[in-house]
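Residue numbers for the sequence shown follow our numbering, beginning at 16 and rising by one. Each residue gets a CB set at the ideal place from its N, CA and C atoms; glycine is no exception. No experiment lies behind these values; they were computed from the predicted model shown.
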Amino acid sequence: MSTQRFSSLAHWGAFTAVVEDGRFVKAEPFEKDPAPSPLIDAMPAMVYSDKRVLRPAVRREWLMSRSGKWNRLRSGARNVFVEVDWDTALDLAAAELKRVRDAHGPSGLFGGSYGWSSAGRMNHAKTLVRRFLFSGGGCVDQIGTYSFGAGQTLLPHIIGTSDPIGGKVTSWPSIARHCQVFVAFGGLALRNAQITAGGCGEHSLPGWLKACKDAGVCFINVSPNRNDCPDWLEAQWIPIRPGTDTALMLAVAHELITSGRQDSVYLARYTHGYEQLEAYVLGRGDGTPKSAEWAAAICGVSAARIRELTDALAGQRSMMSFAWSLQRAHRGEQPYWMGVALSAMLGQPGLPGGGFAFGHGSSGGVGIPRPEIGAPEMAAGHNPASAHNIPVARIADMLLNPGAEYDFNGQRKTYPDVRLVYWAGGNPYHHHQDLNRLNRAWDQPETVIVNESFWTATAQRADIVFPATTTLERNDIGSSSRDRFVIAMKQAIAPVGEARDDFAIFSALAQRLGYLQDFTEGRDQAQWLRFIYERFAGIAASKGYPQPDLDTLWEKGYHELMPPEKDYVLFEAFHADPQANPLKTASGRIEIVSDKIAAMNYADCPGHPVWMEPDEWIGNAGEQYPLHLMTIQPPDKLHSQGDFGPVSAAHKVNGREAVRLHPRDAARRGIKAGDAIRLFNARGACLGGAIIDDAVLEGVAVMATGAWYAPDAQGLDVNGNPNVLAADRGTSSLTQGCAALSVLVQIEAVRA
Ligand SMILES: Nc1nc2c(c(=O)[nH]1)N[C@H]1C(S)=C(S)[C@@H](COP(=O)(O)OP(=O)(O)OC[C@H]3O[C@@H](n4cnc5c(=O)[nH]c(N)nc54)[C@H](O)[C@@H]3O)O[C@H]1N2
Ligand SMILES: Nc1nc2c(c(=O)[nH]1)N[C@H]1C(S)=C(S)[C@@H](COP(=O)(O)OP(=O)(O)OC[C@H]3O[C@@H](n4cnc5c(=O)[nH]c(N)nc54)[C@H](O)[C@@H]3O)O[C@H]1N2
Ligand SMILES: [Mo]
16 MSTQRFSSLA HWGAFTAVVE DGRFVKAEPF EKDPAPSPLI DAMPAMVYSD
66 KRVLRPAVRR EWLMSRSGKW NRLRSGARNV FVEVDWDTAL DLAAAELKRV
116 RDAHGPSGLF GGSYGWSSAG RMNHAKTLVR RFLFSGGGCV DQIGTYSFGA
166 GQTLLPHIIG TSDPIGGKVT SWPSIARHCQ VFVAFGGLAL RNAQITAGGC
216 GEHSLPGWLK ACKDAGVCFI NVSPNRNDCP DWLEAQWIPI RPGTDTALML
266 AVAHELITSG RQDSVYLARY THGYEQLEAY VLGRGDGTPK SAEWAAAICG
316 VSAARIRELT DALAGQRSMM SFAWSLQRAH RGEQPYWMGV ALSAMLGQPG
366 LPGGGFAFGH GSSGGVGIPR PEIGAPEMAA GHNPASAHNI PVARIADMLL
416 NPGAEYDFNG QRKTYPDVRL VYWAGGNPYH HHQDLNRLNR AWDQPETVIV
466 NESFWTATAQ RADIVFPATT TLERNDIGSS SRDRFVIAMK QAIAPVGEAR
516 DDFAIFSALA QRLGYLQDFT EGRDQAQWLR FIYERFAGIA ASKGYPQPDL
566 DTLWEKGYHE LMPPEKDYVL FEAFHADPQA NPLKTASGRI EIVSDKIAAM
616 NYADCPGHPV WMEPDEWIGN AGEQYPLHLM TIQPPDKLHS QGDFGPVSAA
666 HKVNGREAVR LHPRDAARRG IKAGDAIRLF NARGACLGGA IIDDAVLEGV
716 AVMATGAWYA PDAQGLDVNG NPNVLAADRG TSSLTQGCAA LSVLVQIEAV
766 RA
């Protein structure tokens, strides 16, 4: 028997692929990883899964109606596919792309293709599909992310940049040395830190948390779920109703003001518009002081506890970190804006170990010490049709309402009339809200083309499906700007079935359409890999971090970047001299009031942070749908990737997606641990398996995303994708972000 070993990488970590007689049998943890993720164990089963797309396939109805009337009804998933050879499939797709582009121009083609794709940077499917469509004249793209769309659009207005939301925040060593109180809104979930976009060689969050704990940092977990912090961190828990963090922070602000403990010197020197917020907090305009008692009724946190939190923060070096989940909710701009404002009232941003941050518990690598030298990246290039781009989560709105107007970040925009959708590297039937509505939207375009490795719910609802290789079946390079390792991702096995690399698929299409040179710039895959690595190495060297050449890297399998010696402190220069180093905001300061946003006149996002009720939350829940369902990230997979694998299967409850319920909520419904349950609201219904857990706030249920959408004849999703329940609405007119976390449901036991 011959055994070979290949360095490799997934979003959930680096590993060594062990290959015996040409078959990938095992993923061994990367030697330098102090806390490898068990998710790598699922990889061999994923690669050889019976869910693989093995050959190009065309939906029969689409094929048959080519010369006659279009049969657009593809969303029902009772689609029958005909396998064809590669040339036939490529010819069909190329002809259809040409037809639509000739007839409708770039706004007829949708290539936003949101999704995580693979860790490999060269064959990054989402980048390649856009590069392919951009080189051919452009397409409709998506702006921002599902992860933090609201924050991404808001933060440049108030702090001049969105970089901190991507993880460039005051570094952990600075926190360990200087911070006294670390308040984690939405917690510090280790399960989420298993993942880093682009992969990681090092899972470092547990180590940093231990270092901070040893240094005496006091942690406070503000979350509806105590499980959001590991027990050993011994964090204080403030159980809060979902969607109400803004009210809590307003009350802390109220306490500070009424006791004269806000940092007036800081506010005068570094912020803009504070007086307006103060007037609002004191209730001067609306007659409602945002007192601890006022907030207690909204958040479910007692006034005494709010005062204790205020005392813990005032005069202390504090870091407040906001999970991305807080803004992935209706009116999600407000907690982020209020968080920045409150941190400024405490005089913290720009101080070592103090201030605000985002997502310490949302992703691996947030706040790690790492040289600011970027990472190797494939370029999508310029989109000549970018005027048609839509905010990422407005995809169903766009497909259902061509020509309709909508607001976004101060602009009045118009939805394009999309006729062809091309998706590669994402799974909208995993990620989008209100899947029954998405079904209606999905039947609008004339053609849907998908590159996939697996028969996902999205692939099952496409007209042409191209089988894509997984990372184990091709050479690539992996690295994230939030990790210290660059990994040689070596081809370990031959492609499964007739799968081809995304780069090869798009090259073949570009050739048929006459723009191969524009797409490839004359480089093949090996040359691209070298090109993107050398471009990165050049930048790194110019900043004082020389890199090995590609052949040396390939030989060793990885390169480790040494952490910078100096701690990174967000806004350090601004803090030292705000005149010389202004922020890139309209005022050059932290905008507690944004005159620009105020001038947009959005009723759903005024000029300073305010408490605004979300459309769906416990405070307006009726008897029909009394529970707030938090649709969080799955501990046992990355989104829908690997849902059918062994690691995910081990977390299911009697074969169903787990749903956590408070003991009293369960008892009221006669639900016992392990029971099959049905979750439903006016938008849809799905099944789950009950876990009874007093770490979850009463009135809240928790169900992770990721189960593969599989509706029965009545539309009941038997696998348990909570997006049949989540509402498809933008966070606000300003940012139009994904608001997946605001959803009310009812739950009942399923009796056999
Ligand atoms: N209710 C609710 N919904 C949510 C969220 C939530 O919190 N609640 N979170 C949202 C967030 S933050 C996100 S980021 C999205 C995630 O949504 P997605 O990124 O769409 O989810 P994934 O399951 O990771 O989909 C990636 C797809 O790419 C495929 N793929 C992987 N590698 C390759 C490759 O090399 N080539 C090709 N062609 N395909 C490949 C995988 O098989 C998989 O089907 O979900 C969002 N949806
Ligand atoms: N294992 C794993 N890790 C992942 C992913 C995955 O699919 N699997 N996906 C990755 C991606 S794409 C992203 S964007 C990030 C997302 O990172 P997050 O958005 O931070 O992740 P969530 O799990 O949705 O939410 C984190 C916690 O926030 C709490 N929470 C929810 N709503 C509220 C609220 O209103 N107030 C407060 N105080 N707390 C609230 C919930 O209890 C939840 O456990 O995770 C990444 N990490
Ligand atoms: Mo995300």
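Task: Where ARG452 sits in the DSSP three-state scheme - done: helix
Task: DSSP bridge partner residues for ASN696 (one or two, in chain order) - done: GLY699
Task: Inter-residue spacing [alpha-carbon to alpha-carbon] between THR462 and ASN398 - done: 21 Å
Open item on the list: Only counting the same chain, and skipping five residues up and downstream in sequence, which positions put a Cβ closer than 7 Å to that of LYS505?
Closed with: PHE21, SER22, SER23, ASN490
TODO: Please work out which residues of its chain come closer than 7 Å, Cβ to Cβ, to GLY689, disregarding the five sequence neighbours upstream and downstream, and give them in chain order.
DONE: VAL668, ASN669, GLY704, ALA705
TODO: Would you mind stating whether MET16 and ASP48 have Cβ atoms separated by less than 8 Å?
DONE: no
Open item on the list: Which same chain residues end up closer than 7 Å to MET353 when comparing Cβ atoms and leaving out the 5 residues on each side of it in sequence?
Closed with: THR261, MET264, LEU265, PRO624
Open item on the list: According to DSSP, simplified to helix, strand and coil, what is SER22?
Closed with: strand
Open item on the list: Quick test of the definition: if touching needs 3 or more C-beta pairs under 8 Å, does the stretch 614 to 622 touch the stretch 745 to 754?
Closed with: yes
Open item on the list: Please classify ASP301 as buried or exposed, where buried requires at least 16 neighbouring CB atoms within 10 angstroms.
Closed with: exposed
Task: Spatially closest choice to GLY721 from ILE479, HIS445, TYR295, by CA coordinates - done: HIS445
Open item on the list: Using 8 Å as the threshold, is the C-beta distance between ILE633 and ALA359 below it?
Closed with: no
Task: Same chain, Cβ closer than 7 Å to GLY216, five either side skipped, listed in chain order - done: ALA29, PHE45, LYS47, ASP48, ASP498, ARG499, PHE500, ILE502, TYR573
- [ ] Kindly indicate the opening and closing residues of the alpha helix (DSSP H) around ASP422.
- [x] Per DSSP, ASP422 belongs to no alpha helix (DSSP H); it is in the beta strand (DSSP E), 420 to 423.
Open item on the list: If we define contact as Cβ-Cβ less than 8 Å, is ALA472 a contact residue for chain D?
Closed with: Of the protein chains in the structure, only one exists, and it is not chain D.
TODO: Under 8 Å by Cβ, that's how I've got GLY214 and ALA134 pegged, so tell me the actual separation to the nearest angstrom.
DONE: 4 Å
Open item on the list: Tell me which residues share the same chain as TYR560 and place their Cβ nearer than 7 Å to its Cβ, disregarding the 5 neighbours each side in the sequence.
Closed with: PRO386, ILE388, LEU576
- [ ] Count the CB pairs spanning the stretch 171 to 179 and the stretch 311 to 320 that are closer than 8 Å, and state whether there are at least three.
- [x] no
Open item on the list: I'd like to confirm the pairing. Which residues does DSSP put opposite GLU763 in its beta bridges?
Closed with: ARG693
TODO: Just mark VAL715 as buried or exposed, buried being the case when its beta carbon has 16 or more other beta carbons within 10 Å.
DONE: buried
Task: Cα-Cα separation between CYS194 and ASP582, rounded to whole angstroms - done: 13 Å
Task: Minimum C-alpha distance to PRO350 - residue among PRO71, THR259, LEU112 - done: THR259
Open item on the list: So, at 8 Å on beta carbons, what are the nonlocal neighbours of PRO304 in its own chain, with the 5 sequence-adjacent residues on each side left out?
Closed with: HIS269, VAL296, LEU297, GLY298
Open item on the list: Does the distance between the C-beta of TRP626 and the nearest non-hydrogen atom of ligand 2 fall short of 7 Å?
Closed with: no
Open item on the list: Let me confirm a value: TRP470 is counted as buried when at least 16 other C-beta atoms fall within 10 Å, else exposed. Which label applies?
Closed with: buried
- [ ] Just grab the DSSP bridge partners of MET504 for me.
- [x] ASP491
Task: Close beta carbons around PRO460, own chain, < 8 Å, minus the five adjacent residues each side - done: ARG87, PHE125, LEU414, VAL433, ARG434, LEU435, VAL436
Task: Cβ pair VAL711, ASP56 closer than 8 Å - done: no
Task: Check: ALA60 C-beta below 7 Å from any heavy atom of ligand 5 - done: This structure does not include ligand 5; its bound ligands are ligand 1, ligand 2 and ligand 3.
Task: Close beta carbons around ALA700, own chain, < 8 Å, minus the five adjacent residues each side - done: ARG693, LEU694, GLY730, LEU731, ASP732, VAL739, LEU740
- [ ] Could you check which residue in LEU759, PHE518, GLY660 has the C-alpha nearest to that of GLU638?
- [x] LEU759
TODO: Check the C-beta distance from CYS227 over to PHE200 and give it rounded, since I have them as a contact under 8 Å.
DONE: About 17 Å separates the two Cβ atoms, so there is no contact after all.
Open item on the list: According to DSSP, is LEU712 part of a helix, a strand, or is it coil?
Closed with: coil
Task: Which of helix, strand or coil DSSP assigns to CYS314 - done: helix
- [ ] Specify the secondary structure class of ASN738 as computed by DSSP and reduced to three states.
- [x] helix
Task: Residues near GLY418 in its chain [Cβ-Cβ closer than 7 Å; skip 5 each side] - done: THR429, TYR430, ASP432
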